[in-house]
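Asker:
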Amino acid sequence: MKKFLKNQREYIAVVIFFGIFFILGYFVIVPLLAKVASIKNEIEEATNKQDIKKQRLSELPKLRQQYEEIKNQQGKIDVLLSKKQAVNLIEKIEKLAQETNNEVVISIQDDLQKQAPVPVSAKPNSAEISLENSLPSKNYLKLKIDLIGDYENLVKFINNLETMEYYSDIIGISIRPSIEGSFATEAKNSDVLNPFSSGTYLPKLTTSKKVAGKLLASWEVVFYSKE
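Taking the numbering used here, I'd label the letters of the sequence shown as residues 43 to 269.
1) Let me make sure I understand the geometry here. Which of LYS198, TYR193, ASN202, ASP211 has the alpha-carbon closest to that of ARG218?
2) Which of the three DSSP states, helix, strand or coil, is assigned to SER80?
3) Can you tell me the Cα-Cα spacing of LEU99 and GLU86, whole angstroms?
4) Could you have a look at PRO103 and say whether DSSP puts it in helix, strand or coil?
5) DSSP three-state label for TYR182, please.
6) Taking LYS256 and ILE190 to be in contact with their CB atoms under 8 Å, please state how far apart those CB atoms are, rounded to whole angstroms.
7) Give me, in chain order, the residues of the same chain whose beta-carbon lies closer than 6 Å to that of ASN202; leave out the 5 immediate sequence neighbours on both sides.
8) Looking at GLY214 and GLU262, is the spacing between their C-beta atoms short of 7 Å?
9) State the DSSP-derived secondary structure class of PRO161, mapped to helix, strand or coil.
10) Could you round the C-beta distance between ILE135 and ILE187 to whole angstroms and report it? I think they count as a contact, below 8 Å.
Have a look at this one:
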């Protein structure tokens with residue numbers, strides 16, 4: 043009987059031990075592990091936030107530079123030509139030709155077509171008409187730009203012309219060897235009518251230069267306008 047009671051006590055002690063271990067594990071160890079995992083996640087989240095802040099701080103100089111560039115370009119955002127900018131445009135093109143060491147004559151094609159009588163037998167250039175009909179806008183100033191200069195200088199001019207602040211398209215181009223007296227024209231007192239406003243005149247740019255041994259390039263360019 044005593045031996046039986048002794049075995050029962052040992053069995054009860056083992057059951058009590060595992061019971062206490064289970065209770066401690068379920069109510070103490072498991073919550074503690076969950077809390078440790080939560081703290082670990084919070085630490086990782088805080089670390090990620092710090093990394094993001096550091097990255098944003100490192101990008102501040104770049105953002106400041108982009109802001110300054112946008113601020114400096116504010117005056118160039120308006121790419122459509124206005125009435126008051128027509129004369130300024132021609133002056134810029136003339137200055138651009140001078141900077142690239144080219145001789146230039148600029149004429150407003152629209153007015154020349156209106157002033158010059160067209161023979162009945164004359165046929166319009168179908169390719170040019172097709173290009174003009176496909177332009178994104180019908181409001182534009184069409185210029186014919188004739189240049190005499192070296193090949194490299196002509197390339198410099200056209201590259202700078204394409205990067206001007208005004209929205210434009212080149213619809214015609216021809217390049218041929220220059221002959222002596224290609225620009226031999228007489229200056230006239232009459233000016234060219236401003237296509238943007240009746241009664242306003244633009245200065246007609248003419249020259250009497252005689253150049254030989256260079257290239258003569260002609261471009262037909264349209265500059266889109268607001269009106």
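Quick reminder that beta carbons are idealized off the backbone N, C-alpha and C, glycines included.
Answerer: Looking at the coordinates:
1) Nearest option by C-alpha distance: TYR193.
2) Helix.
3) Distance between the alpha carbons of LEU99 and GLU86 is about 20 Å.
4) Helix.
5) Strand, per DSSP.
6) A Cβ-Cβ distance of about 5 Å is found for the pair LYS256 and ILE190, placing them in contact under the 8 Å criterion.
7) Correct list, in chain order: LEU138.
8) For GLU262 and GLY214, yes; Cβs fall inside 7 Å.
9) Legend: pLDDT at PRO161 = 45, less than 50; position of this residue unreliable, value from coordinates given subsequently. Three-state result, PRO161: coil.
10) In this structure ILE135 is in contact with ILE187, their Cβ atoms being roughly 7 Å apart against a cut-off of 8 Å.
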